[in-house]
Amino acid sequence: MAEFKIAVIPGDGIGPEIMEQGLAVLKKVSEKYGHTFHTTKLPAGGNAIDSMGECLPQSTVEECLKSDAVMLGAVGGPKWDNVPGNQRPERALLGLRSALGLFANLRPAIMHKALAEACPLKKEIVSGGMDILIVRELTGGIYFGERGMRQGRYGTEAYDVEAYSEMEIRRIAKVGFEAAQKRHGRLCCVDKANVLESSRLWRKILTEMAPDYPDVTLSFLYVDNAAMQLIHDPNQFDVIVTNNIFGDILSDEASIITGSIGMLPSASLSAGTLGMYEPIHGSAPDIAGKDLANPIATILSVAMMLRYSLGLTGEADAIEAAVTKVLEAGVRTVDIAAGAKSVGTCEMGRLICEAI
Ligand code: NAD
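If you're matching positions, the sequence shown starts at 1366 in the working numbering and goes up one per residue.
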């Protein structure tokens, strides 16, 4: 029995609805296993712009830093579309990642056998389901490198620099190797080492680190080939580790293979145990307030939080098993129902809690 402090950022759009279900699951875990979760709801995103004049109030950051983990719904929406770029609700995410030092993004792309119909690939490719973990570097590379405009020979030129230090590569590679150790022992580093100097440094460092992980088989793949292989034979992958931009693109590709964006959780981890856990989807303003949102991505994010930040592996397994059980019983929200009968957000949450 343990006690934890959890910062909760419901956010905008469907954020508060799906978070309610995530918290219901946490309450069920607390009742069943005797742990105490002290939760504090915090503003960030569009709601924070409305109530406090900024998308990420300092008080929210400070509360997150004092917590064991952060749960986030989703932020943004059309109401704030005309807010200047550097104050938009989505900036809260970048602010949180940098303030909490969240350099590793873990996105499992898991397709439940029960949802094979929702997969856009041929049945025989994913007949046994799919289970990949993408480990994406989150705070370096081209999204954070030097950028600018200059006058060149043929007019204005724009540039964005991809730069990685040895330290940045080592720490994300360590997350990748350790994740592979806990799964099926295969780590694939996706890069573009035939062209990019930065990729060649990734290869050098991962190759140097590999002997420390004798139980992990390390391989390398060029990103263009990886994009192809993901739809040709996704199950050849166990854990993929890659840079910020390749991870951004490949994790979206992998997510669509699983059928619905409403199913996929994510974790953003720091060098310590603090992590932020959120569904990969956005605030879905088109369905907000209608009891239509699928809460499973959020509920599975709670499972990731228990596993990666709180060390409650058995409890995380219990949540994942409950989700599988409910799906196998044929319960669907509208996004995964393929036109058949469906239940609402609250009922899906209730049934999963019941199955824990
Ligand atoms: P979105 O992910 O919100 O929605 C895309 C589509 O998927 C919509 O049709 C939506 O109804 C559906 N969808 C999303 N989540 C669902 C769920 N749980 N259950 C059922 N259907 C679901 O992406 P978008 O429409 O491009 O963005 C909407 C807003 O969210 C924008 O303001 C965007 O900037 C923001 N956004 C926030 C995050 C985040 O908070 N991490 C991520 C992406 C987008």
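A virtual CB, placed ideally from N, CA and C, is assigned to each residue, including glycine.
Practice task
List the DSSP bridge partners of Asp1525.
Solution key: Position 160 of the sequence shown, counting from 1, holds the residue named residue 1525. Answer is Arg1512, bridged to Asp1525.
Exercise for the section: Classify Asn1559 as helix, strand or coil using the three-state DSSP reduction. Expected result: In the sequence shown, counting from the first residue as 1, residue 1559 sits at position 194. Coil, per DSSP.
Practice task
Could you spell out where the alpha helix (DSSP H) holding Ile1596 opens and where it closes?
Solution key: Residue mapping note: residue 1596 aligns to position 231 of the sequence shown, counting from 1. Run containing Ile1596: Val1588 to His1597, per the alpha helix (DSSP H) assignment.
Handout entry: Nearest-angstrom beta carbon gap, Pro1454 and Pro1630 [assumed within contact, 8 Å]
Key = To locate residue 1630, count along the sequence shown from 1; it is residue 265. To locate residue 1454, count along the sequence shown from 1; it is residue 89. Contact flag wrong, Cβ pair sits at about 21 Å.
Practice task
Please list, in chain order, all residues of the same chain as Leu1430 whose beta carbon is under 8 Å from its beta carbon, the five residues on each side excluded.
Solution key: In the sequence shown, residue 1430 corresponds to position 65, counting from 1. Within the same chain, Cβ atoms closer than 8 Å to the Cβ of Leu1430 are found at Ala1464, Leu1465 and Leu1639, the five residues on either side in sequence being excluded.
Handout entry: Beta-carbon separation (whole angstroms), Ile1605 vs Val1555, contact threshold 8 Å
Key = Numbered from its first residue, the sequence shown carries residue 1605 at position 240. Numbered from its first residue, the sequence shown carries residue 1555 at position 190. At roughly 6 Å, the Cβ-Cβ gap stays under 8 Å, so Ile1605 and Val1555 are in contact.
Practice task
Compute the Euclidean distance between the alpha carbons of Ser1424 and Ile1490, then round it to the nearest angstrom.
Solution key: Here residue 1424 refers to the residue found at position 59 of the sequence shown. Here residue 1490 refers to the residue found at position 125 of the sequence shown. For Ser1424 and Ile1490, the distance between alpha carbons rounds to 48 Å.
Handout entry: Close Cβ partners of Gly1510 (< 7 Å) along its chain, the five nearest in sequence each way excluded
Key = Taking the sequence shown and counting its residues from 1, one reaches residue 1510 at position 145. Excluding sequence neighbours, Gly1510 sits near Asp1525, Val1526, Glu1527 and Ala1528.
Problem - As assigned by DSSP and simplified to three states, the class of Met1384 - result: For this step, residue 1384 is matched to residue 19 along the sequence shown. When DSSP states are grouped into helix, strand and coil, Met1384 belongs to the helix group.
Practice task
Could you tell me which residues DSSP pairs with Lys1370 in its beta bridges?
Solution key: The residue labelled residue 1370 in the question sits at position 5 within the sequence shown. In DSSP, Lys1370 forms a bridge with His1403.
Handout entry: Residue environment, Thr1572, which counts as buried when at least 16 other CB atoms sit within 10 Å
Key = Locating residue 1572 in the sequence shown gives position 207, counting from the first residue. The residue in question, Thr1572, is exposed, as its Cβ has fewer than 16 Cβ neighbours within 10 Å.
Practice task
Provide the residue span of the beta strand (DSSP E) that contains Glu1482, from first to last.
Solution key: Within the sequence shown, the letter at position 117 stands for residue 1482. Run containing Glu1482: none; DSSP gives neither H nor E here.
Handout entry: Whole-number beta carbon distance between Asn1559 and Tyr1587, since they are thought to touch under 8 Å
Key = Here residue 1587 refers to the residue found at position 222 when the sequence shown is read from its first residue. Here residue 1559 refers to the residue found at position 194 when the sequence shown is read from its first residue. At roughly 6 Å, the Cβ-Cβ gap stays under 8 Å, so Tyr1587 and Asn1559 are in contact.
Exercise for the section: Could you say if the segment 1476-1485 and the segment 1434-1444 meet the contact criterion of at least three C-beta pairs nearer than 8 Å? Expected result: no
Problem - Leu1677, enclosing alpha helix (DSSP H) - first and last residue - result: As a working mapping, residue 1677 is identified with position 312 in the sequence shown. Premise fails: Leu1677 is in no alpha helix (DSSP H) and is neither H nor E.
Problem - Straight-line Cα distance separating Pro1449 from Gly1759 - result: This structure does not reach residue 1759, given that the chain is present from 1366 up to 1721, and the question cannot be answered.
Handout entry: Rounded separation between Pro1660 and Gly1627 - CA only
Key = As a first step, residue 1660 must be located in the sequence shown, where it is residue number 295. As a first step, residue 1627 must be located in the sequence shown, where it is residue number 262. Answer to the nearest angstrom: the Cα atoms are 7 Å apart.
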